[in-house]
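These notes concern the structure reproduced below.
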Amino acid sequence: MDRAGRLTVGEALQRASLRLRKAGLEQPRDEAEILLAHLLGWSRLKLFLERSSELPAGSGAAFSAAVERRARHEPLAYITGEKEFYGLPFAVSPAVLIPRPETELLIDAVLEWARKREGKITGVDLGCGSGNLAVTLAYHLPEATFCAVDLSSEALELAKANALRHGVHERVCFVKGDFRQAPAFPQPLLRFNLIVSNPPYVERGELEELPATICNYEPLLALDGGPDGLAAYRGILAALPRYLERPGLMALEIGSGQGSALLALCRELDLFHQLDLLRDYRSLPRIITGLF
Ligand code: GLN
146 MDRAGRLTVG EALQRASLRL RKAGLEQPRD EAEILLAHLL GWSRLKLFLE
196 RSSELPAGSG AAFSAAVERR ARHEPLAYIT GEKEFYGLPF AVSPAVLIPR
246 PETELLIDAV LEWARKREGK ITGVDLGCGS GNLAVTLAYH LPEATFCAVD
296 LSSEALELAK ANALRHGVHE RVCFVKGDFR QAPAFPQPLL RFNLIVSNPP
346 YVERGELEEL PATICNYEPL LALDGGPDGL AAYRGILAAL PRYLERPGLM
396 ALEIGSGQGS ALLALCRELD LFHQLDLLRD YRSLPRIITG LF
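If you read the sequence shown in this note's numbering, its first letter stands for residue 146, the second for the next number, and so on.
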């Protein structure tokens, strides 16, 4: 502590990290640094270099408030308002699910398919949330156009801001609607040869068993998959024949226990000539892809 009683950067981080450790968080020091770096607009390297300087005037109370929010297990990304996905920063808010690392596999699968394909890609992201799927794909596929659908106006606003931030806003259109019924897509985007979605897939009865950091904060609309967790998939698959354009790819994120149920639902339809399950970093089935 310096003469005026203000903490140094190093001391503030030390205190915050003790508080977060006491709250049961696993990476208290990292999280304390992320929160303070965000608040000050500094890099973590600068935090280190300035560890003996006193905390900039006025930032102590804001830092304590942010640390207290995290100590109550509010997700870090909602406090900073940002989450990185596939190397790109996305604005997030409690109106949208926070992008997860395992969802990056869906991007890999689509980009691999796109590399081998000729012709224009017209994609649709069903339940776009922050826009992480449509925006990342549009960013990496400069010829493609996308439609991003969501029921939540707040989510759509955020997704639009993310599209603008990453310079793809001219190739992504946003549609408010329920993707379980084929939404009213704007002309001329009525047919799609790429269908992606990370729909809500948690079984309703299991919602309350999710960690507090998820079930107390993330939007139910993005998590609740109905009584058996499969409601959104049934809706997506039922509407698919009305807007798909062959040849194309469907890539959906799934819950780790839903692989065989999804394969069965897709096979019933007789739309796909190849179906595959892709495993995530923990070797759990996480993405289903279907070529149509
Ligand atoms: N992967 C999320 C979880 O951690 C669920 C996301 C979803 O329902 N699409 O529970």
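Built from N, CA and C at the ideal position, the CB exists for glycine as well.
**Item:** Given G121 as reference, the closest of L180, R160, H218 and S188 once Cα atoms are compared
**Value:** The chain is shown only over 146 to 437; residue 121 falls outside these bounds and no answer can be derived.
**Request:** Compare the C-alpha of A202 against each of R349, L185 and A293 and name the closest.
**Result:** L185
**Asked** Around the Cβ of Q403, are there at least 16 other Cβ atoms within 10 angstroms (buried) or fewer (exposed)?
**Response** buried
**Stretch pair the stretch 177-184 + the stretch 209-225: three plus CB contacts closer than 8 angstroms** = yes
**Prompt:** Taking buried to mean at least 16 other C-beta atoms within 10 Å of its own C-beta, is D415 buried or exposed?
**Reply:** exposed
**Request:** Check whether the Cβ of L271 sits closer than 8 angstroms to any heavy atom of the ligand GLN, and report yes or no.
**Result:** no
**Item:** S197 burial status per 10 Å Cβ neighbour count (16 or more: buried)
**Value:** exposed
**Prompt:** Distance, Cα to Cα, Y378 vs P345?
**Reply:** 9 angstroms
**Prompt:** Can you list, in chain order, the residues of its chain whose CB lies under 8 angstroms from that of A240, leaving out five sequence neighbours each side?
**Reply:** S297, E299, A300, L303 and P364
**Message:** Below 8 angstroms, is the gap between the Cβ of N361 and the nearest heavy atom of the ligand GLN?
**Reply:** no
**Asked** Taking the alpha-carbon positions, what's the A367 to G272 distance?
**Response** 8 angstroms
**Continuous alpha helix (DSSP H) assignments of at least 4 residues falling wholly in the stretch 292-364** = 298-310 and 357-360
**Message:** For the ligand GLN, I want to know if P173 counts as a neighbour, meaning its beta carbon is within less than 8 angstroms of at least one of the ligand's heavy atoms.
**Reply:** no
**Asked** Going by C-alpha distance, which of D369, I340, V341 and N343 is nearest E354?
**Response** D369
**Asked** Short check: CB of F291 to CB of C318, under 9 angstroms?
**Response** yes
**I433 versus L375: straight-line alpha-carbon distance, rounded** = 13 angstroms
**Message:** Among L385, E315, R316 and R160, whose alpha-carbon lies nearest the alpha-carbon of F417?
**Reply:** L385
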